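Quick note: the sequence shown, position 220, residue 289 per our numbering, numbers continuous.
What follows is one structure encoded as structure tokens, with my remarks underneath.
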Amino acid sequence: MLFPRQSVRHPLVVRRTTVSAVRHVVPSIVRVTLEGDELAGFASLGPADHVKLFFPDPESGNLTVPDLGPEGMQRPSAGVILSRDFTPLGVHVAEGGGTTLDIDFVLHGDEGPASAWASRAEAGAHLGVAGPRGSRLAPTDLGRLLVIADETALPATRRWLGLVPASVPVTGLFDVADAGVTGYFEGADARVDAEWLLRDEGAGQLDEALRSLGPIDETTFVFLAGEATALAPLRRYLRHDLGLPAEQVAASGYWKRGVVNLDHHAPLDPTDPD
Ligand SMILES: Cc1cc2nc3c(=O)[nH]c(=O)nc-3n(C[C@H](O)[C@H](O)[C@H](O)COP(=O)(O)OP(=O)(O)OC[C@H]3O[C@@H](n4cnc5c(N)ncnc54)[C@H](O)[C@@H]3O)c2cc1C
Numbered sequence: 070m071l072f073p074r075q076s077v078r079h080p081l082v083v084r085r086t087t088v089s090a091v092r093h094v095v096p097s098i099v100r101v102t103l104e105g106d107e108l109a110g111f112a113s114l115g116p117a118d119h120v121k122l123f124f125p126d127p128e129s130g131n132l133t134v135p136d137l138g139p140e141g142m143q144r145p146s147a148g149v150i151l152s153r154d155f156t157p158l159g160v161h162v163a164e165g166g167g168t169t170l171d172i173d174f175v176l177h178g179d180e181g182p183a184s185a186w187a188s189r190a191e192a193g194a195h196l197g198v199a200g201p202r203g204s205r206l207a208p209t210d211l212g213r214l215l216v217i218a219d220e221t222a223l224p225a226t227r228r229w230l231g232l233v234p235a236s237v238p239v240t241g242l243f244d245v246a247d248a249g250v251t252g253y254f255e256g257a258d259a260r261v262d263a264e265w266l267l268r269d270e271g272a273g274q275l276d277e278a279l280r281s282l283g284p285i286d287e288t289t290f291v292f293l294a295g296e297a298t299a300l301a302p303l304r305r306y307l308r309h310d311l312g313l314p315a316e317q318v319a320a321s322g323y324w325k326r327g328v329v330n331l332d333h334h335a336p337l338d339p340t341d342p343d
């Protein structure tokens, strides 16, 4: 079975936004709501879309965003540019026309500027948002969705739940640091047959959980995203042991242990870039 997926391009826009609300969805994930006139026209249509967020310089507190030129985004002549990739979780257009954008941040300490910023975010703070440049729509013609995700891909999982037909059964294998994360879907998980695996209970348990699902039929679409090193053997199992074709498996490294600002366009498994 092929999974045709339409791609939609969006004009590249860099927006300055202001935080209007902050709340903990679960203890380790904070939801930040952004507002601002520049959000008008913001569009995100695909489940795995991403935006580039621009953070204020932690030293000066100044927010610098790129200029837009004929070649796309350009570094301005002054100012510190700090950016990371995030999932546009929810876009809401109020009756009066104001647009807000929700982003969920995984808090993993202060060693990363995004996590450090999110752990202190308050209403009135500023953030830049660029993109998404394009959206790859969810396949519509699928019999089942299998999602394998850690905390960073729970927002994308929510997007998948909202974008595949309600009749499609969803199986989720979620690799998380603590049991507190299991409340993340806030009731939206009734349709997910979810297995929550606690990361410190041993390496390899995600692999075991995937293998214990048995054969994966040709109508099942598989989305995997999270820590790149942990996902590489799972992708290898799906593509090589089970022989699933590339268009049935979307695998993306969202971060990599020990790597700052991972380039997610790099192959998840450098030994097997296919
Ligand atoms: C397409 C896409 C969508 C994404 N969507 C989201 C999202 O919606 N929400 C979200 O929280 N993240 C998301 N991420 C992941 C996020 O971009 C990375 O986790 C990013 O590295 C965080 O930046 P930072 O400044 O906190 O850490 P960095 O400065 O990039 O890294 C500093 C250190 O922290 C480690 N690190 C980075 N992330 C984590 C983590 N989650 N847990 C433990 N250690 C970590 C790194 O390995 C490095 O050693 C997404 C990534 C991609 C590519």
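Ideal Cβ placement from N, Cα and C applies to all residues, glycine included.
Since the model is a prediction, treat every value here as computed from it, not as a measurement.
Check                                                                                                                 : Outcome
Spatial distance of A297 from G165 (CA atoms)                                                                         : 42 angstroms
Straight-line gap, F290 to A147 (C-alpha atoms, nearest Å)                                                            : 45 angstroms
Own chain residues within Cβ distance below 6 angstroms of T102, not counting five before or after                    : S89, A90, T169 and D171
Cβ-Cβ distance between V99 and F174 below 8 angstroms                                                                 : yes
Top-ranked residue by Cα proximity to W265, from A272, A259 and D247                                                  : D247
Segments of 3+ residues assigned as beta strand (DSSP E) that fall wholly inside the region 158-189                   : 159-162 and 168-175
Counted within 10 angstroms of its Cβ, other Cβ atoms place P116 as buried (16 or more) or exposed                    : buried
Run of the alpha helix (DSSP H) containing L223, from where it starts to where it stops                               : L223 to L232
8 angstroms Cβ shell around A218 - same chain, five flanking residues per side excluded                               : A225, T226, G241, L242, F243, D244, F292, L293, A294 and G295
CB of D106 within 8 angstroms of CB of P157, strictly                                                                 : no
Proximity winner among Y323, D343, F111 and R304, relative to V160 (alpha-carbon distances)                           : F111
Buried/exposed call for G212, threshold 16 Cβ in 10 Å                                                                 : exposed
contact_flag[the region 229-238, the region 127-144] where n(CB pairs < 8 angstroms) is 3 or more                     : no
Cβ neighbours of L311 in the same chain (closer than 8 angstroms, five flanking residues each side left out)          : P284 and I285
Proximity below 8 angstroms, CB of L81 to CB of A199                                                                  : yes
For A278, the first and last residue of its enclosing alpha helix (DSSP H)                                            : Q274 to R280
C-alpha distance - R205 paired with Q75, whole-angstrom precision                                                     : 6 angstroms
Buried or exposed by the 16-neighbour rule on C-beta atoms within 10 Å, applied to V329                               : exposed
Where V250 falls: helix, strand or coil (DSSP)                                                                        : helix
Cβ-heavy atom distance, Y253 to ligand 1, below 7 angstroms                                                           : no
Classification of S236 by the beta-carbon crowding that lies within 10 angstroms, buried from 16 upward               : exposed
Cβ-Cβ separation, G203 to R78 (assumed contact under 8 angstroms), whole Å                                            : 5 angstroms
According to DSSP, residues forming a beta bridge with I217                                                           : L242 and L293
Sheet register partners of S146 (DSSP bridge)                                                                         : None, per the DSSP bridge assignment.
Proximity test, V95 beta-carbon vs ligand 1 heavy atom, cut-off 7 angstroms                                           : no
Other residues of its chain near A278: CB distance less than 7 angstroms, five sequence neighbours each side excluded : L242, E264 and L266
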